[in-house]
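Here is the structure we will look at.
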Amino acid sequence: MTNEQLIGKERRKERLDRGIKVRTEGLYSLTSWREMSYLLVPRMFLILGLLLIPLLLDMYWQRVLCVAGVYALLALSFDFLAEFVGLVCLGGAFFIGSGGYIAGLLSHSMGWSPFLTIPIATVGGAIVSTIVLLPCLRLRGIYFAIISFMFPLLTVYIIIALNVFGGTEGITALATFPNVWVDQYVILGAVIISVFAMRRLVTEDFGLILRSIKDNDQAVKASGISITVYKTKAVFIAALVGCFGGAYLSYLYGWLGISQFAMDFSILPIAATVMGGMGTLVGPVLGALILTPMSEALRGFGQLRVVLYCLILIGFIVYKPEGLMNVLQRKYHQFEHWEEV
Amino acid sequence: MSAEVLLQVTKINKSFGGVKAVQDVDLELPGGEILGVIGPNGSGKTTLVNLITGFVKPDSGEVLFKNKKITGLPPHRIADLGVTRTFQIMRPYHSLPAFKNLIVPLNSPRIRRSRGGKLGDKDGVAIDILEEIGFERDAYVPYKIAASLPLGYLKRLELARCLAMKPEIIICDEIFSGLSMSEITTMIPVIEKLQMDGITIIMIEHRLRELFRLVNRVIVMNFGEKLAEGNPEEVMAKPEVREAYLGTEAGQC
């Protein structure tokens, strides 16, 4: 069929799975190196890419990478809750804040090493966040989003009003990590581990039950499973990831303040998820790793920065609404060609 | 048929705003029976199911299961006791194989307890349950993606979800609706077999002729009230029942 014949006729893109995709599902993937590398190459690309990036950057961009890693963790936890549990959680700032304050305060008052305080703050912050969100778990959609968005704002005002935890000034001169390499590899390691752990989790029974709560919570109730228990567990897991980011941030900055409850931590993960591809878990991480440096790079434009930033986002939503990762996955797994309808 | 009463509903009431969805309905269900509940659209049949299974809280009245009050318990606690139900609207996991759709009930605390805390080979158990309910294993039907299954199998899948709970009572909410004659014909023995296995069943139905092949006793509901109760022929002969079905040849449906 030549191009002339196709003009004026309706066309559509036909997509077919590549043979190798089918062969790599299940145990068949172990049949040959070709099949195994089909699965391993993209994964290694991500892992090695993340591990090698710091070597190519100067001090300033290394710092940006660290912050991008924190946003990546938040985006991951946002995507997990939104896509697999049906809770649109805008409480990212609360995760960061609670993890950050626990780690910072412990380090300030007890003088413990980060390798002790970060795990305590991760778990402690997650417990606090879960308890705070517990009464709202019965809400859904936009209602849960609004309430979860309120908590960071609320906490900031409590801290200011009571003048506790350093009040508006925050606490300065906290301990930091020994050097920039620890800075970077702690967060990159955490990102890599959380992405793969999360991907594994959502394909386990636990993840299937969560998805089924999102799709059809009545059937889950009728199956004798308490959806509150499962939602609580899911929020706890998402909060673990977020609170680790917060605890890490206290040490990265060596400073603790109410800006850890800033709205950015709640909002940017959504943008990253939209850009990276909802429901892919890897996508939001990539989205955050692109958006954060981009926002830095646009600093040179002064006030125009926000406009450019928004234009890029709008461009993504209009032209690639399914997100980066979904597009990449499709290109990788499927043939595409035009055919006449 | 054992005479022991498994489920007892007394004077149950529910209004939605000004609409009295269920009024003073009594119901007694001996173990091992199949009870039919019929009535025109909007007569409160599904609300009755929701009241029994805890999805809707009654305004007054109570539900006893094995002489223990279950009104006010949340739905998952009632299901945990062994009172399960199907839904009119089925939403299976479209992207997963049929047997994976039973993962949710097979992870329930009730099943966990019955296996002494261990869950074991869930996929195997799921496939066994599906085969029992008419998913031909030889034709690999249990392995098919749920989205590709015809309605008849989806209805069975919904029933299988209940069955995976090892229930004592299954409440089937219009399990025949939307099925072809031949699909129903293959479904009836499945339900008879469930009864023989000792499961007590309540069937909410519009397809009267097929229902009457299964049940010995029906309850007719209209405008939220119980209109009549008794064996199918007697009940359908009553003038008020005929009237409720628009005065037409009710039995012919």
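Keeping their order, the protein sequence lines are chains A and B. In this text, residue positions in the first sequence follow the working numbering: the first is 100, and each later residue adds one. In this text, residue positions in the second sequence follow the working numbering: the first is 5, and each later residue adds one. Glycine residues also receive a C-beta, built at the ideal position from the N, C-alpha and C atoms.
- Scanning chain B for C-beta atoms nearer than 7 Å to the C-beta of D314(A) yields R95, reported in chain order.
- The criterion of a C-beta distance shorter than 8 Å is satisfied by E113(A) and E438(A).
- Check the Cα spacing between V373(A) and each of M362(A), A361(A) and G386(A): the tightest is with G386(A).
- Using a CB distance cut-off of 8 Å, L307(A) counts as an interface residue toward chain B.
- Per DSSP, D177(B) is not a residue of any alpha helix (DSSP H); the beta strand (DSSP E) it occupies stretches across I173 to D177.
- Fully contained in the segment 36–107 of chain B are the following beta strand (DSSP E) runs of length 3 or more, in chain order: 38–42, 64–69 and 87–89.
- Judged by DSSP in its simplified three-state form, T204(B) adopts strand.
- Here V301(A) is not near A171(A), since their CB atoms are 8 Å or more apart.
- Under the three-state reduction of DSSP output, H210(B) falls in the coil class, being neither helix nor strand.
- Straight-line spacing of the CA atoms in F364(A) and G306(A) works out to 25 Å.
- Taking 8 Å as the CB threshold, M169(B) lines the interface with chain A.
- Listed along chain A, the residues sitting closer than 9 Å to A83(B) by beta-carbon distance are K320, A321, S322, G323 and I324.
- Spanning the alpha carbons of G185(A) and I195(A) requires a straight line of approximately 21 Å.
- Along the segment 110–140 of chain B, the positions whose C-beta sits under 9 Å from a C-beta of chain A are L110, N111, S112, P113, R114, I115, L123 and K126, read in chain order.
- Chain order gives the chain A residues near T88(B) as A321, S322 and G323, where near means a beta carbon separation below 9 Å.
- Bounds of the alpha helix (DSSP H) holding N425(A) are L423 to H432.
- For Q317(A), the nearest beta carbon of chain B is closer than 8 Å to its own beta carbon.
- Using a 10 angstroms sphere on the CB of N262(A), the tally of other CB atoms stays under 16, which defines it as exposed.
- For Q161(A), no beta strand (DSSP E) encloses it; the enclosing alpha helix (DSSP H) starts and ends at M158 to D178.
- Boundaries of the alpha helix (DSSP H) around I292(A): V279 to T302.
- In the three-state reduction of the DSSP assignment, V440(A) falls in the coil class, being assigned neither a helical nor a strand state.
- Taking the Cβ atoms as the reference, L380(A) lies roughly 6 Å from D178(A), within the contact range of under 8 Å.
- Under DSSP, S128(A) shares a beta bridge with no residue.
- Against chain A, the CB of R165(B) has a partner CB under 8 Å away; the residue lies at that interface.
- By the C-beta density criterion, I308(A) is buried, having at least 16 other C-beta atoms within 10 angstroms.
- Put simply, of G198(A), I152(A) and R162(A) the residue whose alpha carbon is nearest the alpha carbon of F360(A) is G198(A).
- For I16(B), the uninterrupted beta strand (DSSP E) run begins and ends at V9 to F20, by DSSP.
- V227(A) is the residue among A274(A), V227(A) and A289(A) whose C-alpha sits nearest the C-alpha of A338(A).
- Within its own chain, the residues whose Cβ lies closer than 6 Å to the Cβ of R122(A), once the five positions on either side in sequence are excluded, are E134, listed in chain order.
- In this chain, Q317(A) is not harboured by any beta strand (DSSP E); it is covered by the alpha helix (DSSP H) spanning D316 to A321.
- Within the segment 290–306 of chain A, contact with chain B at the beta-carbon level (separation under 9 Å) is assigned to D304 and F305.
- The beta-carbon separation of N425(A) and G356(A), rounded to 38 Å, does not stay under the 8 Å limit for a contact.
- Listed in chain order, the non-local C-beta contacts of G138(B) below 7 Å within the same chain comprise R160, T190 and V194, local neighbours out to five positions each way being set aside.
- The contact set of P44(B) on chain A, defined by CB atoms closer than 9 Å, is empty, because the minimum CB distance reaches about 24 Å.
- Taking a contact to require three or more Cβ pairs closer than 8 Å, the segment 56–72 of chain B and the segment 132–152 of chain B do not qualify as touching.
- Contact annotation: A25(B) and T51(B) have beta-carbon atoms nearer than 8 Å.
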